[in-house]
Every structure is written in C-alpha cells, then in structure tokens.
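Using the working numbering, read the sequence shown as starting at 130 and increasing by one per residue.
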Amino acid sequence: MQTAPTAQRSIDRHAELTYWRGVHAIGHLGQHEFDHYQRLLEMGYDVYQAYPRANEEQLYRVLQDSYHRHSPALAVSWDEARWLVRHAWHHAEQH
C-alpha cells in the first residue's frame with residue numbers, strides 16, 4: 130500500500146528573519162526589541178511547519194496555545210503577536 134506524500138511547508142527562516150529585521154529597523158514593526166519579535170516569528174514558523182494541512186484558523190489555535198504557554202517570557206501582546214505571525218505566514222507563502 131502506498132501512502133500519500135506528506136505535505137510540506139518550506140520556509141527559508143534566515144531570509145524571513147532578515148526581512149522582518151529590516152522591517153523592524155525602519156520602524157514598521159513595533160516598539161519592542163527585535164529579539165521579542167524573533168521569538169514570536171520562530172514560534173509561528175514552528176506551528177506553520179508542524180501542521181502542514183491545517184487551515185489558518187487551526188494554525189491560530191495552536192499558535193495561541195503556544196503563545197500562552199510562553200507568555201511570561203513574551204513582551205508582545207497576543208493581538209500584536211497574531212498580527213505579526215499572520216503577516217509572516219503570508220510573506221513566507223509568497224517567497
């Protein structure tokens with residue numbers, strides 16, 4: 130019996146983080162140090178790649194669970210985190 134190939138979501142994390150670091154450098158990301166955003170981006174990419182067949186709503190639920198598990202160490206609010214990760218997923222899909 131043949132199994133269906135596993136769907137993969139590929140992200141060039143280095144390129145994506147470089148892009149977002151540049152967005153932050155010109156003041157278009159937020160008031161926190163980039164390290165705070167990088168943690169969220171990494172978390173978002175981990176979720177995105179771990180659930181390749183999930184739709185965006187399902188991804189948000191997993192992301193929110195992960196965010197709340199790590200929230201004591203995160204300076205960025207959930208609303209800002211969700212906005213950032215959503216845009217990061219869309220940017221990664223286009224590149």
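Each residue gets a CB set at the ideal place from its N, CA and C atoms; glycine is no exception.
Remember, predicted model here, so these are calculated numbers, not experimental data.
Find the nearest neighbour of Q193 within the set L213, P181, R182, judged by alpha-carbon distance.
Locating residue 193 in the sequence shown gives position 64, where the first residue counts as 1. Shortest Cα-Cα distance from Q193 to any of L213, P181, R182 involves L213.
Keeping to the same chain, check which residues put their C-beta closer than 8 Å to that of A133; ignore five residues upstream and five downstream.
What you label residue 133 is simply residue 4 of the sequence shown in a count that begins at 1. Bear in mind that the predicted position of A133 carries a pLDDT of just 40, short of 50, making it unreliable; the figure below should be weighed with that in mind. Hits under 8 Å: none found.
Report yes if the C-beta distance between H153 and Y174 is below 8 Å; otherwise report no.
Sequence index remark: in the sequence shown, residue 153 carries index 24 (1-based). Sequence index remark: in the sequence shown, residue 174 carries index 45 (1-based). Against a cut-off of 8 Å, the Cβ pair of Y174 and H153 comes out as no contact.
Taking 8 Å as the cut-off, does the stretch 141-161 touch the stretch 205-221 (at least 3 CB pairs, one atom from each stretch)?
yes
What residues in its chain sit with their C-beta under 7 Å from that of E185, if we drop five residues either side in the sequence?
Sequence index remark: in the sequence shown, residue 185 carries index 56 (1-based). Nothing meets the Cβ criterion.
Assumed close pair Q178, R215 - CB separation to whole angstroms, cut-off 8 Å:
Residue 178 sits at position 49 when you count from the first residue of the sequence shown. Residue 215 sits at position 86 when you count from the first residue of the sequence shown. With a Cβ gap of about 16 Å, Q178 and R215 do not count as contacting.
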